[in-house]
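Visitor: This structure is in structure tokens; I'll ask about it shortly.
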Amino acid sequence: MRFLLIFITLAFSFGCSLTPEMAPKLNVPPKPILSKEIYQLSYSTELDSARIKSVQLPAHPIEKTNSVRIVADKVAMTDTLKSHIERALKKHGLKIVTTKKADYVLNIHQLDLTFGPNKTYVLNAPKTSHALYQLVTQKSPSYQCSNIIASVSMRLTHIASSDVVWFAKSSIDSASFQGIPLQFSYTKEQKITNEHDVVSFIVSQNTEQARIARADTPVDVPKYIVEDVISEPQKVAGACTETEVSALSSAMHQQLAAVLIDKINVL
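Our numbering numbers the first residue of the sequence shown as 68 and each following residue consecutively.
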């Protein structure tokens, strides 16, 4: 019995002496706190007021309750624009009729849309300069935007005498119509670029063979590499492309028509 205990003790000691020393397992280092910032930059262009010409002749004073018939057979006028014009006339107290028995006829002569020279939008300096602004100044100091010009002209004729009592014309370009700068949003955030490499290193260093090697030769866990990443600009306000400015045409005609009809002096 005594010899058995001695044998077990010697065997255990011999086994331990054959087991190589291993370094402890490495843990994945905690990630650093990453920041995220959102910037907005704007671009402005020169704006013009609507060009308006309105002439009213005194031969036939226009009075409230006078009836008006709208004629637009020479232009492509939508039902929406026609309704808009009717509402503008009714605000003056005029009565809209569809029969030829009217006091006046309002002829819509022009509803034009033409593309003009592009408008140059220049980057506005923020109140407080920052690194992103400096970068955008170098990459995109300005934008060239499509520019559409809308024109409206109309004439009011006294039916009984065939006298023209009022005529007017107006035009405006899409940049001046919207009257706002182009606004872009940028996201600047920090991202770890070598996370996969760090995790792969930890996995490779936690194998038995690597732990044995690390027992005599310690290793340094690679540090996370953090870089700033700036997103592509996202436009959040303003029309610039040909499709975007074309979408403004209906509202531009409506505004011009309302501005002109507002010039009619009704007693």
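Each residue gets a CB set at the ideal place from its N, CA and C atoms; glycine is no exception.
Going by C-alpha distance, which of SER213, SER228, ILE292 is nearest GLU311?
Guide: Stepping through the sequence shown from its first residue, residue 311 is reached at position 244. With distances taken between CA atoms, GLU311 lies nearest to SER213 out of SER213, SER228, ILE292.
Visitor: Just to confirm, is the Cβ distance from PRO285 to SER252 under 9 Å?
Guide: Locating residue 285 in the sequence shown gives position 218, where the first residue counts as 1. Locating residue 252 in the sequence shown gives position 185, where the first residue counts as 1. No.
Visitor: Under the rule that 16 or more other beta-carbon atoms within 10 Å means buried, what is ARG136, buried or exposed?
Guide: Here residue 136 refers to the residue found at position 69 of the sequence shown. Buried is the call here.
Visitor: Please state the DSSP three-state secondary structure of GLU256.
Guide: Reading the sequence shown from its first residue, position 189 is the one you call residue 256. If DSSP states are grouped into helix, strand and coil, GLU256 belongs with the strands.
Visitor: Are ALA291 and GLU309 closer than 9 Å when you measure CB to CB?
Guide: Your numbering for residue 291 matches position 224 in the sequence shown. Your numbering for residue 309 matches position 242 in the sequence shown. Sequence inspection shows Tyr at residue 291; the Ala mentioned does not correspond to that position. No; because the gap between Cβ atoms is not below 9 Å, this pair is not in contact.
Visitor: Given 8 Å as the limit, is there contact between the segment 221-241 and the segment 103-119, that is, 3 or more CB pairs closer than that?
Guide: yes
Visitor: Give every residue of the same chain whose Cβ lies closer than 6 Å to the Cβ of ARG278, excluding the five residues on either side of it in the sequence, and list them in chain order.
Guide: By 1-based counting over the sequence shown, the position of residue 278 is 211. Cβ within range, chain order: MET89, ALA90.
Visitor: Taking contact to mean 3 or more Cβ pairs, one atom from each stretch, closer than 8 Å, check whether the segment 222-233 and the segment 191-200 are in contact.
Guide: Because the criterion of three Cβ pairs below 8 Å is not met, the segment 222-233 and the segment 191-200 do not touch.
Visitor: May I have the straight-line CA-CA distance separating GLN250 from SER111, to the nearest angstrom?
Guide: Here residue 250 refers to the residue found at position 183 of the sequence shown. Here residue 111 refers to the residue found at position 44 of the sequence shown. C-alpha separation (whole angstroms): 9 Å.
Visitor: What separation, rounded to the nearest whole angstrom, lies between the Cα atoms of THR224 and TYR171?
Guide: Stepping through the sequence shown from its first residue, residue 224 is reached at position 157. Stepping through the sequence shown from its first residue, residue 171 is reached at position 104. One alpha carbon belongs to THR224, the other to TYR171, and they sit about 5 Å apart.
Visitor: I believe VAL288 touches LEU93 by the beta-carbon criterion, under 8 Å. Please report the beta-carbon distance rounded to the nearest angstrom.
Guide: As a working mapping, residue 288 is identified with position 221 in the sequence shown. As a working mapping, residue 93 is identified with position 26 in the sequence shown. Contact between VAL288 and LEU93 holds: their C-beta atoms lie close to 6 Å from each other, under 8 Å.
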